[in-house]
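Novice: Chains as they are written, first to last, in the working numbering: chain U, 1 to 336; chain X, 1 to 336.
Just so it is clear, CB atoms sit at the ideal spot from N, CA and C, and this is done for glycine as well.
Take this structure first; my questions come after.
There are 2 protein chains.
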Amino acid sequence: MGGDGAPEIVVSGAAIARERQPELKFLIYGDEKRLKPLIDEQPLLTDCVEIRHTDEAVQNEDKPSMALRNGRKSSMWLAIEAVKNGEAAGVVSAGNTGALMAMAKFCLRTLPGIDRPAICSLFPTLRGESCMLDLGANVECDANNLVQFAVMGEVFVRTVLGIREPTIGLLNVGVEEMKGKDILKQAASILRTSSLPIEFAGFVEGDDIAKGTVDVVVTDGFTGNVALKTAEGTSRLVSAYTREAFRHSLFARIGYLLARRALEKAKGRVDPRKYNGAVFVGLNGIAVKSHGGTDSIGFANAIGVAADMVSHGFMETMKIDLESFDPARDTKAAAQ
Amino acid sequence: MGGDGAPEIVVSGAAIARERQPELKFLIYGDEKRLKPLIDEQPLLTDCVEIRHTDEAVQNEDKPSMALRNGRKSSMWLAIEAVKNGEAAGVVSAGNTGALMAMAKFCLRTLPGIDRPAICSLFPTLRGESCMLDLGANVECDANNLVQFAVMGEVFVRTVLGIREPTIGLLNVGVEEMKGKDILKQAASILRTSSLPIEFAGFVEGDDIAKGTVDVVVTDGFTGNVALKTAEGTSRLVSAYTREAFRHSLFARIGYLLARRALEKAKGRVDPRKYNGAVFVGLNGIAVKSHGGTDSIGFANAIGVAADMVSHGFMETMKIDLESFDPARDTKAAAQ
Numbered sequence: 001m002g003g004d005g006a007p008e009i010v011v012s013g014a015a016i017a018r019e020r021q022p023e024l025k026f027l028i029y030g031d032e033k034r035l036k037p038l039i040d041e042q043p044l045l046t047d048c049v050e051i052r053h054t055d056e057a058v059q060n061e062d063k064p065s066m067a068l069r070n071g072r073k074s075s076m077w078l079a080i081e082a083v084k085n086g087e088a089a090g091v092v093s094a095g096n097t098g099a100l101m102a103m104a105k106f107c108l109r110t111l112p113g114i115d116r117p118a119i120c121s122l123f124p125t126l127r128g129e130s131c132m133l134d135l136g137a138n139v140e141c142d143a144n145n146l147v148q149f150a151v152m153g154e155v156f157v158r159t160v161l162g163i164r165e166p167t168i169g170l171l172n173v174g175v176e177e178m179k180g181k182d183i184l185k186q187a188a189s190i191l192r193t194s195s196l197p198i199e200f201a202g203f204v205e206g207d208d209i210a211k212g213t214v215d216v217v218v219t220d221g222f223t224g225n226v227a228l229k230t231a232e233g234t235s236r237l238v239s240a241y242t243r244e245a246f247r248h249s250l251f252a253r254i255g256y257l258l259a260r261r262a263l264e265k266a267k268g269r270v271d272p273r274k275y276n277g278a279v280f281v282g283l284n285g286i287a288v289k290s291h292g293g294t295d296s297i298g299f300a301n302a303i304g305v306a307a308d309m310v311s312h313g314f315m316e317t318m319k320i321d322l323e324s325f326d327p328a329r330d331t332k333a334a335a336q
Numbered sequence: 001m002g003g004d005g006a007p008e009i010v011v012s013g014a015a016i017a018r019e020r021q022p023e024l025k026f027l028i029y030g031d032e033k034r035l036k037p038l039i040d041e042q043p044l045l046t047d048c049v050e051i052r053h054t055d056e057a058v059q060n061e062d063k064p065s066m067a068l069r070n071g072r073k074s075s076m077w078l079a080i081e082a083v084k085n086g087e088a089a090g091v092v093s094a095g096n097t098g099a100l101m102a103m104a105k106f107c108l109r110t111l112p113g114i115d116r117p118a119i120c121s122l123f124p125t126l127r128g129e130s131c132m133l134d135l136g137a138n139v140e141c142d143a144n145n146l147v148q149f150a151v152m153g154e155v156f157v158r159t160v161l162g163i164r165e166p167t168i169g170l171l172n173v174g175v176e177e178m179k180g181k182d183i184l185k186q187a188a189s190i191l192r193t194s195s196l197p198i199e200f201a202g203f204v205e206g207d208d209i210a211k212g213t214v215d216v217v218v219t220d221g222f223t224g225n226v227a228l229k230t231a232e233g234t235s236r237l238v239s240a241y242t243r244e245a246f247r248h249s250l251f252a253r254i255g256y257l258l259a260r261r262a263l264e265k266a267k268g269r270v271d272p273r274k275y276n277g278a279v280f281v282g283l284n285g286i287a288v289k290s291h292g293g294t295d296s297i298g299f300a301n302a303i304g305v306a307a308d309m310v311s312h313g314f315m316e317t318m319k320i321d322l323e324s325f326d327p328a329r330d331t332k333a334a335a336q
């Protein structure tokens, strides 16, 4: 029931996701009176959806703490609980991000070895795709948080993108060892001496994000959120300038008509809907946040991210890797 | 003598700048044997250049502290000293950023009321042009630093861009008052209650940078540096995708040929050379840093930024505004 277009885009998004992956099944939490007619319109959903009725829904403007306290009958809470109970393999929501994180953290708990979950997403680069985390769950982080983000991001791209030995970079204002904030130098030192089989590539800078210099960009939630939104804004700016250019002259207009198909393909490569689906990593269960303003294609992609994590064994790999991960030992090794 | 293409691009950049603004005169510091023949090649420079010979030059890999201690005969130091002595109205360098900042700070001193100078630059937006600071001088900042950046950025766009009542935004991870880091909330509170005639628009997010939501984006040097480089990287990524699209088919190739002129114009709008010239604000003198990898057109633009600051009375306006600016009083007012 969350997001600007719910429940319509959620139901039509589920239908698109089902078309792509016929093995998918859905538990849809929310107002049955509104959901039933929408689902009845989708022939693909007749045999794979169960509606779980509830009158309550978390609102966009609800404070996370309030939602957590008073929202135990909300569609959001019930959907998360289905993951905890093992009824669902993962939860996808386009609702209130803060409330979803607070509820998921409380209900699913963080994994052993992880102090704080992070928000993680794929993005397009000159080399293909990379992932960045944290994108906003933790405005302030210490060195150990960043090290844990590195471990989680590594598992994410290794399982979901199938990259054998992903490279990890710490986002900084220079690539030299002496540059930047103290917590970054500490985190780098831990990652360098860590016993983990992690390919730590050192510091990277803002322009390395789009270059795809590394497979995983690790940063605090403040910087990650600013970088992600700056990239989105810049992408729209360059596209707007290009669109304007095509209106510039008759020649340019004809040129546009001839190149339209190819250009639309290029535009699709940076389409925010394509990268919809931010993953909450570090929890004892799969939770994916869809952008609140997306459409059914975007929502289907967010479902796809959750489905990929399930089918590629993200949770299982994560748990195995964390067993061999001893943050206390690694911190000590770095200090020596 | 600094930057990848010095002294060639510096001299040819000066010639381009002179062509644009015939009132410009130059003191060029460096190796006379290398400078003389380059200047002799430029008819526009014969009557407006004086070479000040020195054998020494700060190197790109020099540590700022070392450059400051041992570089008092370097071209960089001597050029800054010319501003201090009143021989030059401003200094422009494509050399080592850290050394330039350290030397400029030491030699020119900061203005009364300013604790730390910042690096500031214009950038293109959907609405025109805005400025952002700090872009990397101060990796960690407190609330007062941010308030001072706001004051300096306001004067910069008011004088150089001629915007009457510039709007100021603090870069954050959400626009709501309760969002983000504590120092941002403190800075916002000071700016809201401040006695300064500043148009404080509250918090802005990463995508507001390219939107041009405000005329001045205020942030710490870490976040500003990451945002700037992320924007540069994303702009290159979108351009690369578009270029690839035009090679996609014969139709697209012909389309490109027809639209080429208009597209080159659009590309020019985000050309990093156009926005070359990062200003060190908060110093008792004008100092502009050119990108080390730029060409003569980029260097000419950096000279243009310094010249604009001089002709629009940036330093004079700054000094007048700072006289009415009492950070201690404003901090106190915010606390009440």
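If you count every other CB in all the chains shown that lies within 10 Å of the CB of residue 66/X, and 16 or more means buried, which is it?
Specialist: Answer is exposed; the Cβ neighbour count stays below 16.
Novice: Got a sec: is the Cβ-Cβ distance from residue 275/U to anything in chain X below 7 angstroms?
Specialist: By this cut-off, residue 275/U is not an interface position.
Novice: Rounded to whole angstroms, what is the Cα-Cα separation between residue 51/U and residue 25/U?
Specialist: Distance between the alpha carbons of residue 51/U and residue 25/U: 11 angstroms.
Novice: Using a Cβ cut-off of 7 angstroms, pull out every chain X residue sitting near residue 29/U, in sequence order please.
Specialist: Within chain X, no residue comes near residue 29/U; the closest Cβ sits about 26 angstroms away, beyond 7 angstroms.
Novice: Anyone know if the C-beta pair for residue 150/X and residue 226/X falls short of 7 angstroms?
Specialist: The answer is no: Cβ separation not under 7 angstroms.
Novice: Determine the DSSP secondary structure at residue 29/X, reduced to helix, strand or coil.
Specialist: Note: residue 29/X maps to strand in three-state DSSP.
Novice: Pair every Cβ in the region 310-318 of chain U with every Cβ in the region 26-39 of chain U, then say whether three or more of these pairs are closer than 8 angstroms.
Specialist: In short, these stretches do not touch, since the Cβ pair count stays below three.
Novice: Report yes if the C-beta distance between residue 44/U and residue 11/U is below 7 angstroms; otherwise report no.
Specialist: Contact: no.
Novice: Could you please give me the residues that DSSP links to residue 289/X through a beta bridge?
Specialist: Looking at the DSSP assignment, residue 289/X forms a beta bridge with 93/X, 278/X.
Novice: Under the DSSP definition of a beta bridge, which residues are partnered with residue 167/X?
Specialist: Looking at the DSSP assignment, residue 167/X forms a beta bridge with 199/X.
Novice: Along chain U, in chain order, which residues have C-beta atoms closer than 7 angstroms to that of residue 338/X?
Specialist: Not covered by the structure: residue 338/X. The range shown for chain X is 1 to 336.
Novice: Checking 7 angstroms against the spacing of the C-beta atoms, do residue 245/U and residue 262/X come in under that value?
Specialist: Yes, the Cβ-Cβ distance between residue 245/U and residue 262/X is below 7 angstroms.
Novice: In whole angstroms, give me the CA-to-CA distance for residue 203/X and residue 29/X.
Specialist: Each residue's alpha carbon lies about 43 angstroms from the other.
Novice: Does residue 234/U come out as helix, strand or coil in the three-state DSSP assignment?
Specialist: Helix, per DSSP.
Novice: Find the residues of chain U that neighbour residue 140/X, judging by a C-beta separation of less than 8 angstroms, and give them in chain order.
Specialist: Neighbours of residue 140/X on chain U, chain order: 181.
Novice: How many angstroms separate the CA atom of residue 82/U from the CA atom of residue 127/U?
Specialist: Approximately 38 angstroms between the Cα atoms of the pair.
Novice: How close, in whole Å, do the beta carbons of residue 324/X and residue 13/X come, if the pair is a contact with beta carbons under 8 angstroms?
Specialist: The pair is not a contact, with the Cβ atoms about 37 angstroms apart (cut-off 8 angstroms).
Novice: By the criterion of Cβ-Cβ separation under 7 angstroms, what are the contact partners of residue 306/U in chain X?
Specialist: Chain X residues near residue 306/U: none, gap ~24 angstroms exceeds 7 angstroms.
Novice: Where does residue 337/X sit, in a helix, a strand or coil, going by DSSP?
Specialist: The requested residue 337/X is not part of the displayed model; chain X covers only 1 to 336.
Novice: Please state whether DSSP places residue 7/U in a helix, a strand or coil.
Specialist: Three-state result, residue 7/U: coil.
Novice: May I ask you to report which of helix, strand or coil DSSP gives residue 24/X?
Specialist: Three-state result, residue 24/X: coil.
Novice: Could you tell me the alpha carbon to alpha carbon distance between residue 115/U and residue 272/X, rounded to whole angstroms?
Specialist: In a straight line, the C-alpha of residue 115/U is about 41 angstroms away from that of residue 272/X.
Novice: What would DSSP say about residue 175/X, mapped onto helix, strand or coil?
Specialist: It is coil, neither helix nor strand.
Novice: List the whole-angstrom C-beta distance separating residue 152/X from residue 135/X, where the pair is believed to meet the contact cut-off of C-beta under 8 angstroms.
Specialist: With a Cβ gap of about 13 angstroms, residue 152/X and residue 135/X do not count as contacting.
Novice: Kindly list the residues whose CB is nearer than 8 angstroms to the CB of residue 252/U, restricted to its own chain and excluding five residues on each side of it in sequence; keep chain order.
Specialist: These residues qualify, in order along the chain: 245, 246.
Novice: Quick check on this structure: which residue in 49/X, 242/X, 129/X has the alpha carbon closest to the alpha carbon of residue 156/X?
Specialist: Taking only the C-alpha atoms, the option nearest residue 156/X is 129/X.
Novice: If distances are taken between C-alpha atoms only, which option among 299/X, 268/X, 197/X comes closest to residue 320/X?
Specialist: Ranking the options by Cα distance to residue 320/X, first place goes to 197/X.
Novice: How is the beta strand (DSSP E) around residue 121/U delimited, first residue to last?
Specialist: It spans 118-124 - the beta strand (DSSP E) in which residue 121/U sits, taken as one unbroken run.
Novice: Please tell me whether residue 173/U has its Cβ less than 7 angstroms away from any Cβ of chain X.
Specialist: At least one chain X Cβ lies under 7 angstroms of residue 173/U.
Novice: Using only the alpha-carbon positions, how far apart do residue 97/X and residue 89/X sit?
Specialist: Their Cα atoms are separated by approximately 20 angstroms.
Novice: In whole angstroms, what is the alpha-carbon distance linking residue 228/X and residue 206/U?
Specialist: Each residue's Cα considered, the two are about 7 angstroms apart.
Novice: Expressed to the nearest angstrom, what Euclidean distance is found between the alpha-carbon atoms of residue 182/X and residue 307/U?
Specialist: Roughly 38 angstroms separates the two Cα atoms.
Novice: Just checking: is the beta-carbon of residue 110/U within a distance shorter than 7 angstroms of some beta-carbon in chain X?
Specialist: So no, residue 110/U is outside the interface.
Novice: Return the CA-CA distance between residue 259/X and residue 208/X, expressed in angstroms with no decimal places.
Specialist: Looking at the two C-alpha atoms, the distance is approximately 29 angstroms.
Novice: Spell out whether any CB of chain X is found under 7 angstroms from the CB atom of residue 248/U.
Specialist: Answer yes: the Cβ-Cβ gap between residue 248/U and chain X drops below 7 angstroms somewhere.
Novice: Drop a sphere of 10 angstroms on the beta-carbon of residue 106/X, count the other beta-carbons inside from all chains shown, and report buried for 16 or more, exposed for fewer.
Specialist: By the 10 Å Cβ count, residue 106/X comes out exposed.
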